[in-house]
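Which chain is which? The protein sequence lines are L and X, in order. Going by the numbering used here, the first residue of the first sequence is number -12, and it counts up by one from there. Going by the numbering used here, the first residue of the second sequence is number 5, and it counts up by one from there. Structure record follows, encoded as C-alpha cells.
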Amino acid sequence: MRKIWWKVVCVLLLSVTIIVGLLMPVPALNILNETIRNLYFHVPMWFGMMLLFTVSLVYAIRFLNTQNLKFDIYTEQFAKVGILYGSLGMVTGMEWARFTWGDFWSNDPKQLASALSLLIYFAYMALRGAVPDYDKKAKISAVYNVFAYFIMIPLIMILPRLTASLHPGNGGNPGFGDLAPSMRPVFYTAVLGWFLLGCWIATLGIRYQLVAKKDLLTGGGK
Amino acid sequence: MRLKHIQSYLAKLILCLSAVLLPLITNAQDTGKVAMADQMRGDGKIYVVVTVIFTIFLGIILYLFTIEKKIKKIEQNQP
C-alpha cells in the first residue's frame, strides 16, 4: 500500500473522468440534459462506497479469524471512507434530484434505502465509540460490520428494484446501460478511479493508526 | 493647366479620405478576429468549469501526497 504506481493510475483515471466526462458528447435526453454527466461523479460515489465496505467486510472477517488488531484498524478505516463516499453520494444525489425530479427529497425507495444503510454504518461508528475496551470493541464491531454489510446489499441493490422508483434501472425503469451505452467506458473508468482514491485515503488513515496504536498492536501496552 | 489642378485636388481628396477611412478598415479587421483564448469561452464556457474542477482535484491530490509524506516521516522515526 506504500507503492506509488496505483496512486498514479488513480490520478490518471480520475483526470480522464473529469476531462473526458465533462467534454465528451453524451446522449441528449429529456429532463436529464447535460446532468447525465453526473453519472461519472454521483453514481461512482455509491459504487465506491459499496466496494470500500466490501474491503472493510473482508478485513472484519480476517480479524475474526486471526484476532489480529491490525485488521481491526483496516476494517475501521475502510468503513470510514465508505461512509464519507456514501454521504457525498447522498448530497450529490439530492442536488441532482432537485433539478431533475423537482425536489431534494421525494421519498424515493432508493433514497430511503440508502439513507437507512448509511444510518446502519453510522451506528457502526457509534458502537466503536461506545465500547472502551479495545479487544471487546474490535470483536463486537467486526461482527456488527458483517451484519451491516449483508443488510446494506439488499437495501440498496434489491429492495428498490422491486417497487416503483424514480431511479434509473429500478422498478422497471431503463437503466443507464440501456439509456446511454456510449457512456459505459468512462463510467467504469470513473468507478475504478474513485474507488482507488478511497483506498488511498483509507491507507493514509491506516498508516497513521498503525503508528498511533503501536503499543496495542505489539501487545506491550499498559 | 486646369486638368492638373483637378488632379492635385483629387489626390488631396483621396489622401484625406484614406486618412479617415483606413483606420476604420483596420479596425474592422481587428474586431473580426482577435485571438483571446476563444476555446475557453466556447460551448457556454464549459472549459472554464473543467479547469476549475480539475484544479480542485489536483489540489486534493497534492494535499494527500503531503499527508503521505508526513506519515512516512513518522513511520521512519519509529524505534
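For each residue, glycine too, the CB sits at the ideal point set by N, CA and C.
Return the CA-CA distance between residue i and residue j, expressed in angstroms with no decimal places.
i                      : j                      : result
residue 88 of chain L  : residue 153 of chain L : 8 Å
residue 65 of chain X  : residue -2 of chain L  : 8 Å
residue 142 of chain L : residue 135 of chain L : 10 Å
residue 50 of chain X  : residue 9 of chain L   : 8 Å
residue 159 of chain L : residue 71 of chain L  : 30 Å
residue 167 of chain L : residue 77 of chain L  : 23 Å
residue 56 of chain L  : residue 204 of chain L : 6 Å
residue 30 of chain L  : residue 117 of chain L : 33 Å
residue 112 of chain L : residue 85 of chain L  : 30 Å
residue 132 of chain L : residue 77 of chain X  : 32 Å
residue 5 of chain L   : residue 182 of chain L : 15 Å
residue 34 of chain L  : residue 170 of chain L : 16 Å
residue 195 of chain L : residue 79 of chain L  : 29 Å
residue 108 of chain L : residue -4 of chain L  : 29 Å
residue 172 of chain L : residue 44 of chain X  : 26 Å
residue 161 of chain L : residue 120 of chain L : 50 Å
Taking Cβ to Cβ, would you say residue i is nearer than 7 Å to residue j?
i                      : j                      : result
residue 180 of chain L : residue 0 of chain L   : yes
residue 147 of chain L : residue 100 of chain L : yes
residue 59 of chain L  : residue 125 of chain L : yes
residue 54 of chain L  : residue 193 of chain L : no
residue 69 of chain L  : residue 36 of chain L  : yes
residue 27 of chain L  : residue 46 of chain L  : no
residue 144 of chain L : residue 104 of chain L : no
residue 191 of chain L : residue 71 of chain X  : yes
Report the CB separation of residue i from residue j in whole angstroms; it is logged as a contact under 8 Å.
i                      : j                      : result
residue 14 of chain L  : residue 23 of chain L  : 7 Å
residue 40 of chain L  : residue 129 of chain L : Between residue 129 of chain L and residue 40 of chain L the Cβ distance is about 13 Å, and since that is not below 8 Å, they are no contact.
residue 198 of chain L : residue 82 of chain X  : 7 Å
Checklist entry - Unbroken alpha helix (DSSP H) runs of length 4 or more, entirely within the region 86 to 126 of chain L: which are they? => result 96 to 117
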